[in-house]
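Novice: Let me begin by handing over the structure; questions about it come next.
As structure tokens, this is what we get:
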């Protein structure tokens, strides 16, 4: 494993609820979820970041919110600005309030999406200074417009993209350290929306978390994609997240990275 970085970066996470198996589903059939295994996988996931020198801060557990572990959907961070979201799933809106105090302690400026806008962090992909926003059942036009109004004066470009084949934009695509967007083509609506797109061979391979300029973290369920990315010169770390994948989750939605 690479040597841990000496720079301090903050990782926001939330432990899984014992009710994880009751989480929302949109594109998958419900199958049994092992809560004990999910807790073990979550701890393994967090330890990867600790090994890279990340300062891990846990948001209080949300026992009443099965999807609370997918903390990325509650807040998105851009430089010193954190934006609290307004989830499109009514059952998830109660997750945001408990995230606020932890976020306030980690950033300099806080904003929030307000009614009638809806926005979930899984629909927000940053590539350089471009922010792709997925238009999904969870993120509407007003939410995207509010985000644009917050970001464009700060030098970000906001681009909306259609997403109809996956729950969130980042269920379909993410980005490598060099800005290449990767995704599993059968669930990507329009690959031409991205300047540099690389197809991957497995659905679980579409999600990567950038740990540093040469290292990514991804699901252990996509060995073919791992080899593809290693062939591009990247160091690829893998961790099992099977219980979260059963609920349309992935490695990106289990954390919020503040850098």
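In the working numbering, the protein residues as written are 6 to 264. From the three backbone atoms N, C-alpha and C, an ideal C-beta is built for every residue, glycine too.
#1: Could you pull the start and end residues of the alpha helix (DSSP H) that residue 106 belongs to?
#2: Helix, strand or coil: which one does DSSP assign to residue 33?
#3: Classify residue 165 as buried or exposed, calling it buried when 16 or more other Cβ atoms lie within 10 Å of its own Cβ.
#4: Nearest-angstrom Cα distance between residue 232 and residue 120?
#5: Note down the Cα distance separating residue 33 from residue 224, rounded to an integer number of angstroms.
#6: Is it buried or exposed for residue 31, if we count other Cβ within 10 angstroms and need 16 for buried?
#7: For the alpha helix (DSSP H) that contains residue 228, what are its first and last residues?
#8: Have a look at residue 213 and residue 181 and give me their C-alpha separation to the nearest angstrom.
#9: By DSSP's criteria, residue 139 is part of a beta bridge. Which residues make up the other side?
#10: Helix or strand or just coil, what does DSSP make of residue 224?
#11: Does the beta-carbon of residue 211 have 16 or more other beta-carbons within 10 angstroms, so that it is buried, or is it exposed?
#12: Going by C-alpha to C-alpha distance, which of 99, 69, 230 sits closest to residue 203?
#13: Helix, strand or coil for residue 117, going by three-state DSSP, please let me know.
#14: Specify whether the region 44–63 and the region 91–102 touch according to this definition: at least 3 beta carbon pairs, one from each stretch, less than 8 Å apart.
#15: Would you call residue 102 buried or exposed, if buried means 16 or more other Cβ atoms sit within 10 Å of its Cβ?
#16: Using three-state DSSP, classify residue 7 as helix, strand or coil.
#17: Tell me which residues share the same chain as residue 75 and place their Cβ nearer than 6 Å to its Cβ, disregarding the 5 neighbours each side in the sequence.
#18: Express the C-alpha separation of residue 142 and residue 172 in angstroms, rounding to a whole number.
#19: Look up residue 38 in the DSSP assignment and say whether it is helix, strand or coil.
#20: Okay, do the region 148–167 and the region 130–140 touch, 3+ Cβ pairs below 8 Å being the bar?
#21: Between the Cα of residue 81 and the Cα atoms of 238, 201, 156, which residue gives the shortest distance?
Specialist: Reading it off the structure:
#1: Locating residue 106 in the chain shown gives position 101, where the first residue counts as 1. Note, residue 106: alpha helix (DSSP H), 101–109.
#2: As a working mapping, residue 33 is identified with position 28 in the chain shown. If DSSP states are grouped into helix, strand and coil, residue 33 belongs with coil.
#3: The sequence position of residue 165 within the chain shown is 160, counting from 1. Residue 165 is buried by the Cβ-count criterion.
#4: Position 227 of the chain shown, counting from 1, holds the residue named residue 232. Position 115 of the chain shown, counting from 1, holds the residue named residue 120. Their Cα atoms are separated by approximately 44 Å.
#5: In the chain shown, counting from the first residue as 1, residue 33 sits at position 28. In the chain shown, counting from the first residue as 1, residue 224 sits at position 219. So the alpha carbons of these two residues sit roughly 18 Å apart.
#6: Locating residue 31 in the chain shown gives position 26, where the first residue counts as 1. It counts as exposed.
#7: Walking along the chain shown from the start, residue 228 turns up at place 223. 228–235 is the extent of the alpha helix (DSSP H) around residue 228.
#8: As a first step, residue 213 is located in the chain shown; it is residue number 208 there, counting from the start. As a first step, residue 181 is located in the chain shown; it is residue number 176 there, counting from the start. Inter-residue distance for residue 213 and residue 181 is about 7 Å (C-alpha atoms, whole angstroms).
#9: Position 134 of the chain shown, counted from the start, is the residue given in the question as residue 139. DSSP output for residue 139 lists 166 as bridge partner(s).
#10: Taking the chain shown and counting its residues from 1, the one referred to as residue 224 is at position 219. Looking at residue 224 - three-state DSSP - the assignment turns out to be strand.
#11: Your numbering for residue 211 matches position 206 in the chain shown. Per the 10 Å Cβ criterion, buried.
#12: Sequence index remark: in the chain shown, residue 203 carries index 198 (1-based). Of the candidates 99, 69, 230, the one whose C-alpha sits nearest the C-alpha of residue 203 is 230.
#13: Stepping through the chain shown from its first residue, residue 117 is reached at position 112. Strand.
#14: no
#15: Indexing the chain shown from 1 puts residue 102 at position 97. Exposed is the call here.
#16: As a first step, residue 7 is located in the chain shown; it is residue number 2 there, counting from the start. Since pLDDT at residue 7 reaches only 39, below the 50 mark, its modelled position is unreliable, and the value read off the structure follows with that caveat. It is coil, neither helix nor strand.
#17: Within the chain shown, numbered from 1, the residue matching residue 75 stands at position 70. The answer, listed in chain order, is 254, 258.
#18: Numbered from 1 along the chain shown, position 167 holds the residue referred to as residue 172. Numbered from 1 along the chain shown, position 137 holds the residue referred to as residue 142. In a straight line, the C-alpha of residue 172 is about 8 Å away from that of residue 142.
#19: The residue given as residue 38 occupies position 33 in the chain shown. Residue state, collapsed to three classes: coil.
#20: Contact holds: three or more Cβ-Cβ distances are below 8 Å.
#21: If you number the chain shown from 1, residue 81 lands on position 76. Residue 81 has its Cα closest to that of 156, out of 238, 201, 156.
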